[in-house]
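K.L.:
Quick one: structure below, then a few questions.
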Amino acid sequence: MILGAVLLEPGVIGDITLEEKHFSQWHNRRIFAAMRAVEEKGLDVNPVTLVDELREDVEQVGGVQFLLELAAHCPTAANVAHFESLVLKQYELSLIRDSAHEFLRDYTPESAHDLYKALGSMKTHMTHQEESKKELMVELYESLYHEREGLPGVATGFESLDALTGGWKEGELIILAARPSMGKTAFAIQLAWECIKQDGVALTFSLEMSSRQVMQRLLSSLTGINMMKWNNPYKYLTVDEMPKMHAALNDVYKSDFELSQNGMITLQEMRQQIFTLKQEHPDKPFLVLIDYLQLITVKGRFDRHDLAIGYITKELKGMAREFGIPIILLSQLSRGVESREDKRPRLTDLRDSGNIEQDADVVLFLYRDDYYHTDTKSGREVEIKIAKNRNGPVGTVKVEFMKEFGRFVGKKGRTMEH
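Take any residue in the sequence shown, note its place counting from 1, add 4, and you have its number in my numbering.
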């Protein structure tokens with residue numbers, strides 16, 4: 005019906021989101037590919053232009069008579085969206101069937117992941133179908149007359165940063181990048197705890213540090229107690245500091261601050277952990293933190309490192325949308341930063357920047373001038389630069405970093421770029 009609808013009304017092909025792979029039979033895939041090719045040439049899609057595009061494949065797809073019959077057997081092009089939905093549903097059912105067969109045959113983690121992914125894809129498609137244009141318009145209309153309570157996303161804990169970003173929103177992939185010793189892990193941990201303060205859930209994948217190290221950093225940040233005292237807390241914690249640490253330990257214990265420290269974790273394993281935790285807390289604010297991008301294990305072989313990085317960021321962006329959560333992904337910066345006089349990071353400093361920048365909704369850079377210039381007047385000041393913001397302005401926010409216990413404190417004022 006899809007192919008016949010295009011022949012009846014060639015203009016509808018621009019509204020069709022299907023791909024060749026969605027058609028189960030080869031001759032339908034070939035005809036659809038030819039239709040796309042004709043459209044890209046700026047020509048009308050009709051039997052004559054299709055025959056010219058198909059050339060030697062004309063007879064293999066059924067001949068000229070078959071092309072003429074396609075339109076004759078389609079009563080109207082008005083239902084093309086419905087036809088498209090049916091094709092997509094059949095495609096997803098075939099994926100589930102094939103994945104289930106492979107899982108029952110092999111019973112491996114990889115085959116289990118493929119089956120889960122196929123099921124998740126169909127669930128997402130069905131959810132999207134349920135939200136009709138009418139329902140969306142009603143929701144948008146109501147938003148004109150009802151004031152929103154709070155931010156559209158998970159608050160960052162910094163008013164100036166929230167003003168630029170609106171918080172971390174559902175489906176967003178946020179890149180947090182900096183050179184070593186700028187405080188990006190400490191900043192990320194603090195962002196995760198801000199989600200907890202909003203009665204939320206924060207899942208941290210720590211690929212570099214142990215869970216103990218992450219917890220020690222969090223507790224020092226919460227209490228304002230020097231991190232060095234964790235070398236021997238029994239010996240170094242004072243009488244006044246001990247109750248503070250007890251209270252912080254109790255708060256963290258009762259919270260949904262979750263940690264995963266598997267240094268060899270794969271994307272499939274991340275997806276499963278997110279899925280499980282999201283099932284337990286479906287209605288709570290949710291934030292995922294990954295420290296860091298270049299340590300994620302990828303199964304399969306890639307000819308170039310940038311292709312592997314691109315695969316990772318694309319998958320993580322897909323997870324953010326699939327589960328309706330923000331994901332903060334920490335990343336390294338190229339050493340090329342060090343060779344410049346002005347060492348403030350730029351988008352081109354991201355390692356394999358093209359793929360990362362393309363998939364990210366927000367890109368944040370941290371910069372401490374005192375790290376490079378000991379005589380600077382900036383002292384504890386850290387610049388948080390929003391270098392990319394898909395749904396808002398870019399700009400720079402200044403905060404203070406209490407390095408001894410890993411806490412960031414907001415400062416008034418921000419610069420906004422357009």
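All residues carry an ideal CB built from backbone N, CA and C; glycine is no exception.
Measure the beta-carbon distance from Leu207 to Tyr296 and round it to whole angstroms, keeping in mind my assumption that it falls under 8 Å.
P.N.:
About 15 Å separates the two Cβ atoms, so there is no contact after all.
K.L.:
Taking its Cβ as the centre, do 16 or more other Cβ atoms sit within 10 Å of Lys233, making it buried, or is it exposed?
P.N.:
Its Cβ being crowded by 16 or more others within 10 Å, Lys233 is buried.
K.L.:
Report the three-state DSSP secondary structure of Val302 (helix, strand or coil).
P.N.:
Here Val302 sits in coil by DSSP.
K.L.:
Near Gly2, which residues of its chain fall below 8 Å by C-beta distance, leaving aside the five closest residues on each side in sequence?
P.N.:
Missing from the structure shown is residue 2; the chain here goes from 5 to 422 and no further.
K.L.:
When the Cα atoms are used, what is the spatial distance from Pro397 to Thr169?
P.N.:
So the two alpha carbons sit approximately 8 Å from each other.
K.L.:
Might you give, ordered along the chain, the residues of its own chain that have their beta carbon closer than 6 Å to the beta carbon of Thr419, omitting 5 neighbours on each side?
P.N.:
Since pLDDT at Thr419 reaches only 47, below the 50 mark, its modelled position is unreliable, and the value read off the structure follows with that caveat. Closer than 6 Å at Cβ, skipping near neighbours: Gly399, Thr400.
K.L.:
Closer than 6 Å by C-beta to Val42: which residues in its own chain qualify, once you throw out the five before and the five after it? Chain order, please.
P.N.:
Excluding residues within five positions, the ones whose Cβ falls inside 6 Å are Val49, Thr53, Glu57.
K.L.:
Name, in chain order, the residues that DSSP records as bridge partners for Tyr371.
P.N.:
Answer by DSSP bridge pairing, in chain order: Glu387.
K.L.:
Would you kindly work out how many angstroms separate the C-alpha atoms of Gly410 and Val386, rounded to a whole number?
P.N.:
If you take the alpha carbons of Gly410 and Val386, they lie about 12 Å apart.
K.L.:
Contact check, Leu7 vs Leu74 under 8 Å by CB: the rounded distance?
P.N.:
So it is a contact: roughly 5 Å between Cβ atoms.
K.L.:
In the DSSP assignment, find the unbroken beta strand (DSSP E) run with Ile229 in it and report its ends.
P.N.:
Ile229 -> no beta strand (DSSP E), and no H or E assigned at all.
K.L.:
From Met406 to Ser225, what does the alpha carbon distance come to, in whole angstroms?
P.N.:
Taking the straight line joining both Cα atoms gives about 9 Å.
K.L.:
By the 10 Å Cβ neighbour count, where 16 or more other Cβ atoms means buried, how is Asp19 classified, buried or exposed?
P.N.:
Exposed is the call here.
K.L.:
Taking the straight line between their C-alpha atoms, what separation do you get for Val10 and Tyr315?
P.N.:
Distance between the alpha carbons of Val10 and Tyr315 is about 34 Å.
K.L.:
In three-state terms, what does DSSP make of Glu57?
P.N.:
Here Glu57 sits in helix by DSSP.
K.L.:
Whole-angstrom Cβ separation of Glu24 and Phe36, contact assumed at under 8 Å?
P.N.:
With 8 Å as the limit, Glu24 and Phe36 qualify as a contact, their Cβ atoms being about 6 Å apart.
K.L.:
Just verifying my parser: in three-state terms, what is the DSSP assignment at Asn254?
P.N.:
Three-state result, Asn254: helix.
K.L.:
Based on DSSP bridge pairs, tell me the residues matched to Met406.
P.N.:
Partner(s): Arg411.
K.L.:
Tell me the rounded alpha-carbon separation between Phe306 and Ser214.
P.N.:
Rounded to the nearest angstrom, the two C-alpha atoms are 29 Å apart.
K.L.:
By DSSP, does Val91 sit in helix, in strand, or in coil?
P.N.:
The answer is helix: DSSP assigns Val91 an H, G or I state.
K.L.:
With distances taken from CA atoms, which of Gln272, Ile229, Ser264 is nearest Ala252?
P.N.:
Nearest option by C-alpha distance: Ile229.
K.L.:
How long is the line joining the alpha carbons of Gly187 and Leu370, rounded to whole angstroms?
P.N.:
The alpha-carbon atoms of Gly187 and Leu370 are separated by roughly 8 Å.
K.L.:
What residue from Glu13, Glu88, His285 has the CA that sits closest to Thr21's CA?
P.N.:
Of the listed residues, the one whose Cα sits closest to Thr21 is Glu88.
K.L.:
With DSSP collapsed to three states, give me the class of Thr131.
P.N.:
With a pLDDT of 48 at Thr131, under the threshold of 50, the predicted position of this residue should be treated as unreliable, though the coordinate-derived value follows. Note: Thr131 maps to helix in three-state DSSP.
K.L.:
Can you tell me whether Tyr95 is buried or exposed, with buried defined as 16 or more other CB within 10 angstroms of its CB?
P.N.:
It is buried - the Cβ of Tyr95 has at least 16 other Cβ atoms within 10 Å.
K.L.:
Have a look at the DSSP bridge pairing and note the partners of Leu1.
P.N.:
This structure leaves residue 1 out entirely; the chain is present only between 5 and 422.
K.L.:
Hey, Asp363 and Lys321: beta-carbon distance below 9 Å or not?
P.N.:
Yes, the pair counts as a contact, with Cβ atoms nearer than the cut-off.
K.L.:
Where does Trp172 land, buried or exposed, given buried means 16+ other C-beta within 10 angstroms?
P.N.:
Counting Cβ neighbours within 10 Å, Trp172 comes out buried, since at least 16 surround it.
K.L.:
In three-state terms, what does DSSP make of Gly8?
P.N.:
If DSSP states are grouped into helix, strand and coil, Gly8 belongs with the helices.
K.L.:
Go through its chain and collect everything with a Cβ distance to Leu293's Cβ below 6 Å, but skip five positions before and after it.
P.N.:
Here the set comprises Ala192, Ala196, Thr208, Ile332.
K.L.:
Whole angstroms is fine: what's the gap from Asp244's alpha carbon to Leu223's?
P.N.:
Taking the straight line joining both Cα atoms gives about 15 Å.
K.L.:
Apply the 10 Å Cβ neighbour rule to Leu97 and answer buried if 16 or more other Cβ atoms are within range, or exposed otherwise.
P.N.:
With fewer than 16 other Cβ atoms within 10 Å, it is exposed.
K.L.:
Would you mind stating whether Asn266 and Thr317 have Cβ atoms separated by less than 9 Å?
P.N.:
Not a contact, by the Cβ cut-off of 9 Å.
K.L.:
Between Val302 and the rest of its own chain, which residues show a CB-CB distance below 8 Å, the 5 nearest in sequence each way excluded?
P.N.:
Contacts found: Thr270, Leu271, Ala312, Tyr315, Ile316.
K.L.:
Just the C-alpha distance for Lys201 and Gln194, rounded to the nearest angstrom, thanks.
P.N.:
The straight-line gap from Cα to Cα measures roughly 10 Å.
K.L.:
Check for me: the beta strand (DSSP E) holding Ile179 runs from which residue to which?
P.N.:
Per DSSP, Ile179 belongs to the beta strand (DSSP E) from 177-181.
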